[in-house]
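Protein chains in written order, with full-length UniProt numbering: chain A, 1 to 134; chain B, 1 to 134; chain C, 1 to 134; chain D, 1 to 134.
Number of protein chains: 4
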Amino acid sequence: MDVYINLDFESNEPIYTQLMHQIIAGIAKKELKPGDALPSVRSLAADIGINLHTVNKAYQQLKQEGFILIHRQKGVVINPDGVPQADDQYMNNLTSTLHPIIAESICRGLSKEQVLQLTGELYENFTKKEGGDK
Amino acid sequence: MDVYINLDFESNEPIYTQLMHQIIAGIAKKELKPGDALPSVRSLAADIGINLHTVNKAYQQLKQEGFILIHRQKGVVINPDGVPQADDQYMNNLTSTLHPIIAESICRGLSKEQVLQLTGELYENFTKKEGGDK
Amino acid sequence: MDVYINLDFESNEPIYTQLMHQIIAGIAKKELKPGDALPSVRSLAADIGINLHTVNKAYQQLKQEGFILIHRQKGVVINPDGVPQADDQYMNNLTSTLHPIIAESICRGLSKEQVLQLTGELYENFTKKEGGDK
Amino acid sequence: MDVYINLDFESNEPIYTQLMHQIIAGIAKKELKPGDALPSVRSLAADIGINLHTVNKAYQQLKQEGFILIHRQKGVVINPDGVPQADDQYMNNLTSTLHPIIAESICRGLSKEQVLQLTGELYENFTKKEGGDK
DNA sequence: GTGGTCTAGACCACG
DNA sequence: GTGGTCTAGACCACA
């Protein structure tokens with residue numbers, strides 16, 4: 001069962017980033033499991049109608065962050081050892097990423113409970129079977 | 001009482017974005033209150049040693065999002081009516097921003113509780129007096 | 001004082017790798033010091049007559065390994081904090097890199113002394129003033 | 001007595017290169033001696049579960065460098081006359097191979113002594129009986 | 001067939 | 001001006 005890739009070509013978010021996010025989301029939802037094969041650079045690029053270099057950039061970055069392995073000719077697979085667990089560096093990044101987001105949510109009048117509820121719901125959506133994607 | 005601006009010129013985050021975030025954080029912490037005056041584009045640019053255009057871009061964007069008002073002669077002030085409260089569009093944006101962040105946190109093995117705790121702590125840091133910002 | 005870039009377009013070694021090696025050699029020889037500016041992607045590409053993407057790839061990799069920083073618009077500089085020092089991972093890589101090289105040198109009849117002398121000379125060539133490059 | 005072949009299919013190093021290195025290491029350790037027979041292309045490929053072409057490529061390259069002889073019917077043997085000793089071309093190759101490796105080790109803060117010690121240890125590991133290879 | 005490299009030209013965001 | 005992104009097409013190494 002494949003993961004459906006949904007790209008927004010109008011978005012400011014680079015396509016290769018969107019692709020990365022979708023694959024990471026697939027892993028989070030367990031639709032992609034360690035060891036699973038991913039489509040080749042060329043076939044995925046053809047499928048979603050983008051350039052193979054764009055797909056390649058997404059794959060390279062996912063590889064560099066430990067989500068996937070790129071075998072020489074065997075293609076691309078989800079890291080069989082699982083994704084590297086959170087370390088200090090990741091937690092720092094996560095904190096600085098969330099920092100401005102939460103600042104704005106406070107300015108916009110969201111209560112702590114609202115923020116936590118939204119966050120919790122998003123988290124659960126990944127862990128539910130048949131979790132509704134965006 | 002001024003907000004201290006701390007820019008990281010080596011970050012991937014654009015400087016104008018960092019500037020926006022710092023001002024928004026100042027508002028979230030109530031260090032900047034509705035009606036408070038902000039430095040002029042020129043003086044702020046000179047103070048922190050960056051390009052006029054960069055400060056201008058940050059201000060324009062903050063104005064466009066309703067955080068500040070820019071009067072021709074009276075200068076720049078925090079929106080006296082307060083920041084526009086969360087609407088549907090903002091909530092959608094917030095959701096799509098958080099979505100990939102939470103997806104990765106799940107992949108990296110963070111529990112729901114860990115995510116909620118981090119989020120909660122960040123939220124509280126803004127509402128505490130003398131909240132320790134970075 | 002600039003570092004002279006000498007590329008071998010006939011070599012099997014990718015051009016971007018050669019470029020990386022030359023810059024690393026420049027750092028080893030102290031011709032490039034922490035904080036020093038490097039040419040922009042475009043100007044270096046024009047200077048040595050290769051595509052800007054090839055230069056970019058070398059720069060990106062050097063950045064990823066901590067040798068250089070890429071400022072948004074200020075251009076490229078040698079990491080002012082110095083290059084990340086050897087860690088376990090680097091030592092493991094170094095060992096597996098040297099392993100087959102030394103194996104072959106043994107088969108070819110080089111004595112331990114010969115290998116150590118060659119290694120030592122190469123090391124010294126970097127630390128000498130006016131060290132003779134290849 | 002056979003040499004144990006250990007391939008890493010996730011490495012960036014081509015499989016045929018890994019195979020060559022393992023055979024060369026076997027010769028360096030004297031586990032493979034001049035005149036010793038090597039498995040045929042077919043049987044070796046079957047044993048380690050890789051493509052015929054891959055084994056063939058490794059053998060052809062080893063032959064071309066003088067490590068082995070390939071007789072049409074008699075099979076593959078380690079060169080009975082021993083491996084060609086170091087000539088100028090080999091020394092030049094060795095030097096340019098080591099050059100960038102040592103440059104990086106200097107950047108990463110390794111002292112000359114550390115480099116020589118590592119090199120020496122690796123050398124000794126091949127000449128010791130029961131040398132602990134990876 | 002696969003991914004890796006290189007080239008080339010275009011547009012955009014940033015400062 | 002800078003780097004970042006995307007596209008496009010080519011050749012090669014690998015299995």
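No residue lacks a Cβ here, since even glycine has one placed at the ideal position from N, Cα and C.
{"Check": "Contact with chain B by residue 16 (chain A), beta-carbon distance below 8 Å", "Outcome": "no"}
{"Check": "Distance, residue 27 (chain C) Cα to residue 126 (chain C) Cα", "Outcome": "9 Å"}
{"Check": "Helix, strand or coil at residue 196 (chain A) according to DSSP, with G and I counted as helix", "Outcome": "The structure shown does not extend to residue 196 (chain A), since chain A spans only 1 to 134, so no value can be given for it."}
{"Check": "Length of the line joining the Cα atoms of residue 6 (chain A) and residue 19 (chain A)", "Outcome": "8 Å"}
{"Check": "Residue 109 (chain B) versus A:13, A:116, A:72 and A:123, residue with shortest Cα-Cα distance", "Outcome": "A:123"}
{"Check": "Own chain, CB closer than 7 Å to residue 57 (chain D), minus 5 neighbours either side, in chain order", "Outcome": "16"}
{"Check": "Neighbourhood of residue 4 (chain C) by C-beta distance below 7 Å, restricted to the same chain and skipping five residues each side", "Outcome": "none"}
{"Check": "Residues of the segment 67 to 88 of chain A with Cβ closer than 9 Å to any Cβ of chain B, in chain order", "Outcome": "67, 82, 83, 84, 85, 86 and 87"}
{"Check": "Stretch pair the segment 106 to 120 of chain C + the segment 105 to 121 of chain D: three plus CB contacts closer than 8 Å", "Outcome": "yes"}
{"Check": "Buried versus exposed call for residue 11 (chain B) [16 or more other C-beta atoms within 10 Å across all chains shown]", "Outcome": "exposed"}
{"Check": "Through-space distance from residue 98 (chain B) to residue 38 (chain B), alpha-carbon basis", "Outcome": "30 Å"}
{"Check": "Residue 53 (chain C), buried or exposed, once every other Cβ within 10 Å from all chains shown has been counted against 16", "Outcome": "exposed"}
{"Check": "Span of the alpha helix (DSSP H) around residue 44 (chain A)", "Outcome": "41 to 48"}
{"Check": "Proximity winner among D:86, D:46, D:51 and D:78, relative to residue 30 (chain D) (alpha-carbon distances)", "Outcome": "D:78"}
{"Check": "Beta-carbon neighbours of residue 9 (chain B), restricted to chain C and to distances below 9 Å", "Outcome": "71, 72 and 74"}
{"Check": "Cβ neighbours of residue 47 (chain B) in the same chain (closer than 8 Å, five flanking residues each side left out)", "Outcome": "5 and 39"}
{"Check": "Cross-chain neighbours of residue 112 (chain A) in chain B, by beta carbon under 9 Å", "Outcome": "119, 120, 123, 124 and 127"}
{"Check": "is_contact[residue 97 (chain A), chain B] using C-beta, thresh 8 Å", "Outcome": "yes"}
{"Check": "Contact set for residue 128 (chain D): own chain, Cβ-Cβ below 8 Å, skip 5 residues either direction", "Outcome": "none"}
{"Check": "Chain A within 8 Å of residue 43 (chain B), Cβ atoms only", "Outcome": "no"}
{"Check": "DSSP-derived helix/strand/coil call for residue 32 (chain D)", "Outcome": "coil"}
{"Check": "For residue 7 (chain C), the three-state DSSP class (helix, strand or coil)", "Outcome": "coil"}
{"Check": "Other residues of its chain near residue 102 (chain C): CB distance less than 7 Å, five sequence neighbours each side excluded", "Outcome": "115"}
{"Check": "Nearest to residue 50 (chain C) (by Cα), restricted to the options C:105, C:107 and C:14", "Outcome": "C:14"}
{"Check": "Minimum Cβ-Cβ distance from residue 104 (chain C) to chain D less than 8 Å", "Outcome": "yes"}
{"Check": "In DSSP terms, what residue 71 (chain D) is bridged to", "Outcome": "D:75"}
{"Check": "Closest Cα partner of residue 55 (chain D) within the set D:45, D:95 and D:105", "Outcome": "D:45"}
{"Check": "Spatial neighbours of residue 8 (chain A) in its chain, beta-carbon cut-off 6 Å, leaving aside the 5 residues before and after", "Outcome": "none"}
{"Check": "Cβ-Cβ separation, residue 66 (chain D) to residue 84 (chain D) (assumed contact under 8 Å), whole Å", "Outcome": "4 Å"}
{"Check": "Chain-order list of residues whose beta-carbon lies under 7 Å from that of residue 105 (chain A) (same chain, five-residue window excluded)", "Outcome": "115"}
{"Check": "Rounded distance between the beta-carbons of residue 23 (chain A) and residue 69 (chain A), thought under 8 Å", "Outcome": "Contact flag wrong, Cβ pair sits at about 13 Å."}
{"Check": "CA nearest to the CA of residue 111 (chain A), picked from B:60, B:86 and B:75", "Outcome": "B:86"}
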